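Written below as structure tokens is the structure these notes are about.
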Amino acid sequence: MKLTALTIGPANRYMPIGRDNPLRAVVTLASGNSTVECVLSDEATRRMLDLCAHEIARAAERQVRDFVAAVTAIDAGAGAALIGAA
């Protein structure tokens, strides 16, 4: 068996997340031509979120930092082009 996906999202995607619509973790496993999906318990979902929270926060921070660096480089290049045109 191969774990092909781990999806964490609201139980009902058309409603806001809350007490009546908690997050659910779904694991998808595949073997040959067979695929099985398993909904994890609330406790297991919480453990998955706790396990991933730090990595998700670090990745988001890195992506924001890279975006700001790219925009700053574009702004600096545009400023240099304007100075050269004067």
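Under this note's numbering, think of the first position of the sequence shown as 1265, with each following residue one higher. The C-beta atom is built at its ideal place from N, Cα and C for all residues, glycine as well. Model, not experiment: these values are computed from the prediction.
In the DSSP assignment, A1289 forms a beta bridge with I1272. Between the alpha carbons of V1328 and A1337 lies a gap of roughly 14 Å. Note on A1294: under 16 other CB atoms within 10 angstroms of its CB, so exposed under the neighbour-count rule.
Residue pairing by DSSP puts V1303 in a beta bridge opposite V1290.
The criterion of a C-beta distance shorter than 9 Å is not satisfied by V1291 and A1317. When beta bridges are read from the DSSP output, L1313 appears opposite no residue.
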